[in-house]
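Since the structure comes first, as structure tokens, the remarks are kept for the end.
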Amino acid sequence: MKHLHLRELSLRIKLTLIFFGVMAVVLTAIGLFLFFRTKTNLDAGIRQTLRVRSGELIQSIRQNAGSDSAATLIQASEGSAQIVDGSGRVLESRPAGLSALLSPAEVRTALGRRAMFIERGEEHRLLVVPVHQSGRVYVTVTRASLSQREHALEGLSRALAIGGPLGLLLASALAYMIASAALRPVEAMRRRASQLTTADPEARLPVSGTRDEIHRLALTLNDMLARMAQAAEHERAFVANASHELRTPVATIRTELELALRHAGTVDEFRRAARAAIADADDLARLADDLLVLARADRTGLPLRCTDVDVDALLRDVASEAARDPRAVGRRFEVQADAVHAEADPDRLRQAAMNMTRNAVLHGSGTVTVGATVEPAAVCIWVSDQGGPLPADVLATAFDRFARAADAVNRPGTGLGLSIVREIATAHGGEVRLENTDAGVRCVLRLPTAVRASVPGVSLLRPQPAVARDVRTRTSTPPAMEG
């Protein structure tokens, strides 16, 4: 037979068992206290009765000191009593014919004391008091029955033996009902939770009308369910968008290769088709990298390897690389950067700056300006274009994944670049924002980090003035950096 372990029991049973055990200990302690307290009080009453009777007998002896009749003396007292002399000889008893209550040894012991109680089993208790009167020595013995005490204690024991377990069972049953009532909302939440499925993401747990811990637990769990539903919806949208974005370059590569096989008749035509396929493959690889970055950010956050970064040099490299992009033909690039260094991850910082610059190339027009400025305990990297301002709703959703303006659906890009910039900013403890300017749009990445001027003696609060560097307008060949 399988043993029933405590951890397999329901919570209400566990609570009831705990209550049962605690109440059993408490009731046992109360019962023992009542029993011994009652016994002590009864014993005290018996002792007091013996003292009163002994005092009356001694007073009678002293008042009748001239009488030679011990019977006269003992008849003046109440209850069972006896008077013996110093040798232990019984002088008088009541009731008459009562055998000696004391042994000679007990008489000798009593003569050396002022008073002495003697227990005779569970039947009687004696009070022995020596009396010296008129040159004579008496020993008075008064006796009290213990039968009433024993009867009272037996009755109390029976009452405790019956009432204690009965009260314990009734209290445990009441505790079980209270626990069941208290846990009823939890059971309702459990049943409701077992019915929740992904088919109904709006389903929630029932919330009680009280303002207790169970009410707060239900609210907390519902908040968690809302976050999980939102995350699941976000994941579904992410997977759907990613599938669409991955399918597009794959289909393009396949189409270009099929056309090359069918129609390309010269080596140059094959080369053009191969270059187009390579460009699409690069876009596909970049998309895969972007998806990997975002997935890693969602799971554990972006790992950073911070070191000293020359922001000015990094931005010049970014502008130079962006100018070589075939989509940047006819665009002009400028670098305006304070000569500063920052403690950051150089690879992630370069990735963020490149994504901001590519965004300006793909969705802006005119001159693309890349810059960096120093603020107290922060460095700001920004990229601006001259393509005109964006609507407020586009600015609000620009950093969402796969976000695109309505007029940019057919443009190149995946809609992940600024999302990655935001993740990089968050990993560094910074922020990123997109704002309209008079000429166009500016994307600002602010990293609150330890920065320092690269020129000795330049104050952090008063950085070296920015120097504009021009990257030549993109023509048919990659430009060289100037300045």
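For the sequence shown, counting from 1, position 482 maps to 482 in UniProt numbering; every step adds exactly one.
Ideal placement from N, C-alpha and C gives every residue a C-beta, glycine not left out.
For residue i and residue j, what's the separation of their Cα atoms in angstroms?
i	j	result
A29	K14	23 Å
A181	A175	10 Å
A427	Q386	30 Å
S243	A297	19 Å
L460	V340	Note that L460 has pLDDT 32, beneath the 50 cutoff, so the model's placement of it is unreliable and the number below is only indicative. In a straight line, the C-alpha of L460 is about 9 Å away from that of V340.
V139	G164	47 Å
T475	M354	Confidence at T475 is low in this model, with a pLDDT of 36, below 50, so its placement is unreliable and no value can be given for it.
F19	M177	12 Å
G121	L42	16 Å
P249	L287	10 Å
R136	A81	19 Å
L434	A260	42 Å
L153	R184	45 Å
A251	A344	39 Å
P456	T369	Confidence in P456 is poor, its pLDDT being 34 and thus under 50, which makes the residue's placement unreliable; the coordinate value appears in the next sentence. So the two alpha carbons sit approximately 27 Å from each other.
R271	D283	18 Å
T300	L292	12 Å
P303	L315	22 Å
R324	D289	21 Å
D312	A342	10 Å
L166	V25	14 Å
T307	A322	24 Å
I118	L9	57 Å
N436	D393	12 Å
E92	Q63	17 Å
R7	S157	37 Å
H132	F35	40 Å
L362	A328	8 Å
V379	R332	25 Å
Determine the closest residue to residue i out of the options, with distance taken between C-alpha atoms.
i	options	result
R350	H124, L102, G88, I420	I420
Q389	A403, P376, A360	Residue identity differs from the one stated: residue 389 is Pro in this sequence, not Gln. Among A403, P376, A360, the Cα nearest to that of P389 is on A360.
A179	A110, L395, R12	R12
L447	T142, E435, I381, S365	I381
H151	H132, E123, G167, L362	E123
G330	V318, G366, R316	G366
D310	F399, A322, D347, E154	D347
V207	R89, P201, F35, L217	L217
K39	G86, P130, Q148	Q148
A110	M228, E92, D85	D85
T198	A240, D212, E233	E233
A171	I46, T16, R190, V90	T16
D212	E423, E235, V186, L91	V186
E258	A273, V267, D268	A273
F399	D393, P391, R422	R422
V52	A144, S134, F33, G97	A144
A96	A105, I83, E106, P104	I83
L27	L98, V90, E106, I162	I162
R254	S99, G45, E106, A276	A276
Do residue i and residue j have their C-beta atoms within less than 9 Å of each other?
i	j	result
A203	L196	yes
A425	L445	yes
V374	T357	no
R114	L50	no
H281	P326	Checking the sequence, you will find Ala at residue 281 rather than His. No, Cβ-Cβ distance for A281 and P326 is not below 9 Å.
G88	L102	yes
V129	I58	yes
V432	A352	yes
M23	L160	no
A193	L221	yes
A229	P201	yes
G371	Q336	yes
R401	L246	no
S54	T142	yes
A439	L418	no
Can you check DSSP and say which residues form a bridge with residue i?
i	result
H263	DSSP, once it has assigned bridges, lists no residue as partnering H263.
D310	H341
V444	W382, R433
S80	R143
T300	DSSP, once it has assigned bridges, lists no residue as partnering T300.
residue 485	The first residue shown for the chain is 1 and the last is 483, placing residue 485 beyond what the model contains.
My parser needs the beta strand (DSSP E) runs of 3 or more residues fully inside the region 83-150; what are they? 90-94, 116-120, 124-133, 136-145
Which ranges would you report for the alpha helix (DSSP H) in the region 30-61 if only whole runs of at least 4 residues count? none
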